[in-house]
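Just so you know, the protein sequences line up as chains R and Y, in that order.
Residues in the first sequence are numbered from 1360 upward in steps of one, following the numbering used here.
Residues in the second sequence are numbered from 82 upward in steps of one, following the numbering used here.
Don't be surprised by glycine CBs; every beta carbon is placed ideally from N, CA and C.
Just so you know, these numbers come straight off a predicted model, no measurement behind them.
Written below as structure tokens is the structure these notes are about.
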Amino acid sequence: MGLNQAALVQGLILGIPYGLLAVGLVLVFKVSKFINFAQGAIGAFGGAIVGSLTVTYGVPYWAAFAVGVVVAAGIAAASEAAIIRRLSGQPLLMGVVITLLLSQLLLGMSFVVVGDATFGAAYPTPSPFPSFEVGTFVIVPSYTALLILGPIVVIALALVLRRTRYGLAVRATASNPDAAWVAGAPPFQIAGRSWAIAGGISAFSAILLWPTQGVDALGTLGPALLLRGLVAASIARFESITAAFFAGIGVGVVEVALRGSGTTTGIADLVLAAIALIVLIARPPKASRVSENDGNWTKLSLRRLPVRYEQLWLGRNFGSVMGVVSLIFMITVIPLFFLTATIASTLTYVFALAIVALSVLIITGRAGQLSLGQFAIAGIGATVSVKIVDLSGVFVLGPIAAMVIGGLVCLLLGVPALRTKGLVLAVTTLAFALATRSWILPQEWALGSGLKPARPAFGAFEIDSSVRYYFFALAILTAAAVFTSWLVKRNWGRELVALRDNEGAARALGVQVVRRRVEAFLVAGALAGLGGSLLAHSRPLITPTDFSANTSIDVVVIAAVGGISLVSGPIIGAVLVAGVPLLAGLDATATTGLLLLYLVLVLFRPSGFLSFLVPLRDWWLEEWGRTRGIDPATVKPRTTPQKSPLLAFMGFGRREEAATRSADESILEVSAVSKSYGGIRAVQGVSLTVREGSATAIIGPNGAGKTTFFEMISGFVTPDEGSVTFHGRNITSRSPEFRARRGIVRSFQNALLFPTLTVYQAVELSHGRGRSAELTVPELLELAGLSEFADTLISDLPTGVRRVTELTCDITLTPELILLDEPSAGIAHSEIPALAKWIRALREDLHMTVLVVDHDMNLLRSVCDEFVAMDLGQVIARGTADEVAANPKVIEAFLGTSVAAVERSAVATVAE
Amino acid sequence: MSTVASEKTELKRDITRWNRRLGWALIVFFPLSYATAWWSEQTVDGTVLNSWVSFFNVLIQVVATLVLLTHAGYSFYVFGFPAPRWNLRAINGYAAYFVLLIYLMSQASTDIEPQHTVLVWISFTLIGIHVLIAGYLAYKRPRRETLLKEDFRALISPDAQTLEEIAQSRAAGTAPTDVPVLEAKSLNVDLGSVRVLFDVDLHVMPGEIVALMGNNGAGKTTTLRTLAGLTPTTGGSVLLDGFRVTNLTPAGRAELGLSLIIGGRAVFGPLSVRENLEMFAYRLGLSSAELESRIDKTKEIFPWIADRSAQNAATLSGGEQQMLAIAQALVVRPKILLIDEFSLGLSPKVVGELIDVVRTICENGTAVLLVEQSAAVACEVADRVYALERGSIVLAEDATILAADPQRLTNLYLQGSATQGSSV
């Protein structure tokens, strides 16, 4: 690694644009808690304007400079207003997709706008700045400008943040947006200004960087630049502006050093990807909204098929019928009229993309993991497939190997990120996509400078033409689609959705979080590998350029544009995003226009293009139903109950007493557990014995430690000291899903459950893992009074019904011990007695043991016989309700002590 | 009419409204697409201008085609086939999708004359008829204030209109007198699909200290947030000085003299103590001299602020942070100060100091509404007390009366009701 003085200076200078980009990213993240993937592209567009104005229209350089910066600032502020504000309440996926789409759009528009000033020499340079040499490295005027003006911009920004009123508001909004708003600084206003500043800075650096770029100026201003900015911002933990700037310079130095060592430029991407991964996992950005599952996925889901139509065969199988019809269309109509060799290979490409988009549906749509590297996995799959077929001579092994390796790579990529959240995975997979294209694939043992894939051959039958390959590709796509559809409709898919919607609740019902996610990664990786393999063998030659990072981004866009909730979505998306431009022969300008359209589509219809087809489906079914005698009036499922299921509850009916159970045997022993957070002891040496068939209540004022204690029993918190034993078995550090499978279930205070599932699906989820499936799901729903809600989405239910649903899911697992966390939360006053009846029935009819934490004494008195009062992390009283309520320590804990009383007792103590 | 059918009519009405807008959009887009096409032919191929014009031409054509398809499609959906009733609207609707059909045919037959010219003429005639009928129908339709103007205004400055009205009312002397400085009337609040506040009524008179008690999850913090504007209401209203402010943002309510101390995150951690005070007074836009003098006054009451002016607020103890937050009232001088989690996690000594400060603030003209877990502290500091349980007010009483009857509170917390002692 030769890092002489010239190289060092070069690295420093190169690092300045990275640092500036990082500064912009950090500023935006501070105010909006969001990573703007279009940051670099906004700057590039400003740069394009400057080039166009100066070279084509003869505007003076510095005037054009000002215009470029202002335009970029304006676009950035407009994006904040139009995009980010609309995204509250939607999952992070949409924000990432939209900013990525915006980035592609802006880069495309830059290409259109820049005209003759496309690259390096043609682009204007800042005139008054001199040029000089350091060793072998020439510092051209624009570099000098960067060297001088770059730090000045950063210092100016830092001063603005520290000294001005506006800067104060920015820092305040970043740390406490609610308090800032209440003080008179509306967060959106502050955010808009911050985005504008970030956009301006980005343009500044793009304008000065451009003259030094080669022929593919716009290419280098795309994802590669973004990655470097992201790495620098990550090193600064998205917190400090100055740290981000220096980190950017560091990145520049590292890049030059790696370049100088003689290997290809690609290794820089690989090293940066590794740095990004390590930094983001070790020191993730501190922010509340970094979790990918913040925001409700219901906005991305489609309106469900109205239930009455399930009587119709067409209603139940609408998707399959449509699939078959389209397949017939693709097999007969297309080949008869349209299938030339070019169109066949274009459609093959579209099919391959569709398969990779299906992998996005699984990994992002169902598992909720934001992956931007699926097409890179496809590239690896392609390489493996070609090599294996070459080596073995058997074609079938190629795709199979591609699927296996693809699955493993996806797993490797996903596992370290399993413990991190949302945006982190997006950044690391983007880095991976870049590194794959620039370093992994060009290696000699991979694609090198190109490989010639073998044509598929099954025995004597060889697929030697594009047209034949089209049918082959269609067959593979059909198989992949059918498989994916089957997979997501089963309990497997539902469990993934449950994990995505509400991981805690899913684990409490016994869903194995790690295993499911690993399986999701394997399947998604396999699909991506298959797509890559399919693509590879359709071409006479494949090179690393076929698998650019841009296409990885496109694949996610495809899934979002088509619609991520149904299997047909990615396929439609592939046709719209990739197929239409290619088939219609659109040029770059027109493709960019199309991108703009798709951006608007995704902005207004988060559930994708499918949302336009749903009314059509409903209309057809209505007409068809009418001919079959179904009155449309009976179609919609009811959401508001005639009578609340709680009030209508009649009891479960006497159930068989389990012969082996002996009453009064202690089933749960909690022994002197303690837990501290920071320096605060939340729970101190608390013990509890729970006997079979008993009902225990834990009461206490706020901050008493009840919740922490409860969580130690349910498995979401591990005690620092002490133990939890269930039937003599130590379960202290066991996960909630383990406990659920052994017979301990819990309910949650907010009863959020799984918003995108229906009541039926949620109960079915538990039913699949019940220890004894005596009753079917419809019978369970009948018992709980939920039959009329069977097909209502949980997010559409009123709270009382949700609570009943949650409890029904819990009892479906036929547990021994049921833990209830504030079950009365959100229940109307009039329904409390009915809730009490329900909980009593758990004991009397279903022979369960109950442990309740709550505040509502009405409820607790009528359900529980043993009371435990806690305060300040310790137990202060045990006994019956009356004993505990009369205990003066308990009264004091609940009512508190007035200051005067404390002073009096202090005086009294002194006086003694 | 069953709910399903009426929902469908509602949907059709929405679609029709949008369809009309699409129609007017087409009137703009189609000529524009022809204009840009002509312009791009006039400019020289390969120049930047040509690039721009071609780009816009393509964009407009694509959009126009899509709008046309949607317009025709919606018309088809609304009117069905055959139409239930043959009136002018129905005829217009059919004209819409026949226009599409003939237009498409004319595009497909550009090489076949004279069919092409004939089709073009027919489509133009139909378009003309369609536009005329649509215009006539629009003219006959009762005028309705477009929401666009209001929406635009709301985007720029959502509070402006309301604040203006209030200022005018004050200037004209028609402001209500003898009203609570803060009042909540029948407040109903939903968080997601969960109702958390049911018909909450409370008020704070000028010069009063009012406490809001209740168990965890009763809705105390939600009440304060709703009063401050951070959480939207589903029903009911919030009034400041008798004026309805339910549609004002928190910044707007700050203008009218409301300040909120948020529970658990009352201060700006990374900012210094002095910057915190500066930020609390953000909306006042005080001159540095005025700001200095007010901060000096604060330092008189809290000497430690002078010592630790430059220290980051995050490094202060819990009690000091709470004190700093309450100290903002001395700088900002709001009409009403809302305090969440008044004494949570604080030692009795600190609570005593806080109580003194609150009394001072109140004497200086700021009414106070504070949320307090401990009933004893609440009765000590407040003039009046409310108790919230499960989102409803279950108790509204003078503090002194309540303090003299501790059994009532015990009933509330340990029997399950403020008024009844019996269980279910």
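Asked, Found
"Could you tell me which residues DSSP puts in a beta bridge with T2117(R)?", "L2152(R)"
"As a quick exercise: from V199(Y), T396(Y), F383(Y) and F361(Y), pick the residue whose alpha carbon is nearest that of G338(Y).", "F361(Y)"
"Assuming the contact rule is C-beta atoms closer than 8 Å, I1556(R) and L1386(R) should be a hit. Round their C-beta distance to whole Å, please.", "6 Å"
"Just the Cα atoms here: how many angstroms apart are Q409(Y) and R389(Y)?", "16 Å"
"Is the separation between the beta-carbon of I1901(R) and that of L1806(R) shorter than 8 Å?", "yes"
"Please check if any C-beta of chain R sits within less than 8 Å of the C-beta of Q402(Y).", "no"
"In terms of residues, what are the limits of the beta strand (DSSP E) holding N269(Y)?", "L263 to L272"
"Can the beta-carbon of V1428(R) be found less than 8 Å from the beta-carbon of G1559(R)?", "yes"
"For L169(Y) and G1988(R), I'd like the C-alpha separation in whole angstroms.", "32 Å"
"Using a Cβ-Cβ distance cut-off of 8 Å, determine whether S455(Y) contacts chain R.", "yes"
"Please list the partners that R1530(R) has in chain Y, where partner means a Cβ-to-Cβ separation under 9 Å.", "F349, P351, L352, E356 and M360"
"Among the candidates F2068(R), V2029(R), I1714(R) and G1863(R), whose CA atom is the shortest distance from the CA of A2110(R)?", "G1863(R)"
"Measure from the alpha carbon of L2142(R) to the alpha carbon of each residue in P1643(R), L2201(R), S1438(R) and M2207(R), then state which is nearest.", "L2201(R)"
"In chain Y, which residues lie less than 8 Å from V1939(R) when you measure between Cβ atoms?", "The premise fails here: V1939(R) is roughly 10 Å from chain Y at the closest Cβ pair, so nothing lies under 8 Å."
"Taking the C-alpha atoms as reference points, what is the distance between H211(Y) and I1457(R)?", "38 Å"
"Here's a check: name, in chain order, each residue in its chain whose Cβ is nearer than 6 Å to the Cβ of G1816(R), leaving out the five neighbours to either side.", "Checking the sequence, you will find Ala at residue 1816(R) rather than Gly. Same-chain partners within the cutoff: F1754."
"Here's a check: name, in chain order, each residue in its chain whose Cβ is nearer than 7 Å to the Cβ of E289(Y), leaving out the five neighbours to either side.", "A448, D464 and R465"
"Return the first residue and the last residue of the beta strand (DSSP E) that F1488(R) is part of.", "Counting along the chain, F1488(R) falls outside any beta strand (DSSP E), and DSSP gives it neither H nor E."
"Which residues does DSSP pair with E2225(R) in a beta bridge?", "T2055(R)"
"Could you check whether the region 2035–2047 of chain R touches the region 2217–2224 of chain R, counting it as contact only if at least three pairs of C-beta atoms, one from each stretch, sit closer than 8 Å?", "no"
"Hey, would you say M1689(R) sits closer than 8 Å to L1833(R), going by beta carbons?", "yes"
"In this structure, how does DSSP classify S503(Y) when only helix, strand and coil are distinguished?", "Only weak support is given to the placement of S503(Y): the predicted model assigns it a pLDDT of 35, under 50, and the question is left unresolved by the model."
"If the cut is a Cβ gap below 8 Å, which residues of chain Y does N1861(R) touch?", "Those do not exist, as N1861(R) stays about 13 Å from chain Y at its closest Cβ, beyond 8 Å."
"Does M2216(R) have its Cβ less than 8 Å from a Cβ in chain Y?", "yes"
"Mind checking if S1534(R) is an interface residue toward chain Y, Cβ cutoff 8 Å exclusive?", "yes"
"Could you name each continuous alpha helix (DSSP H) segment of 4 residues or more that falls completely within the region 1764–1808 of chain R, going from the start of the chain to the end?", "1781–1794"
"To the nearest angstrom, how far is the alpha carbon of W1540(R) from that of G1727(R)?", "32 Å"
"So which of I214(Y), L451(Y) and L483(Y) has the shortest CA-CA distance to Y175(Y)?", "I214(Y)"
"Are the C-beta of G446(Y) and some C-beta of chain R separated by less than 8 Å?", "no"
"Between M1360(R) and L1617(R), what straight-line distance do the alpha-carbon atoms span, to the nearest angstrom?", "Reliability fails at M1360(R), whose pLDDT of 42 lies under 50, so the model's placement of it is uncertain and the value that follows must be treated cautiously. If I take the Cα positions, the gap works out to 7 Å."
"Could you tell me whether the region 1702–1715 of chain R touches the region 1937–1944 of chain R, using the rule of 3 or more Cβ pairs below 8 Å?", "yes"
"Quick one: which residues of the region 1389–1417 of chain R get their C-beta closer than 7 Å to a C-beta of chain Y? List them in chain order.", "S1411 and T1415"
"Tell me the DSSP secondary structure of L40(Y) in three-state form.", "The displayed coordinates of chain Y run from 82 to 505. Any statement about residue 40(Y) would go beyond what the structure contains."
"Taking only beta-carbon positions, decide if V1519(R) is within less than 8 Å of chain C.", "No chain C appears in this structure, whose protein chains are R and Y."
"Find the residues of chain R that neighbour N296(Y), judging by a C-beta separation of less than 7 Å, and give them in chain order.", "H2214"
"Residues in its own chain within less than 6 Å of D126(Y) by CB, not counting five upstream and five downstream?", "none"
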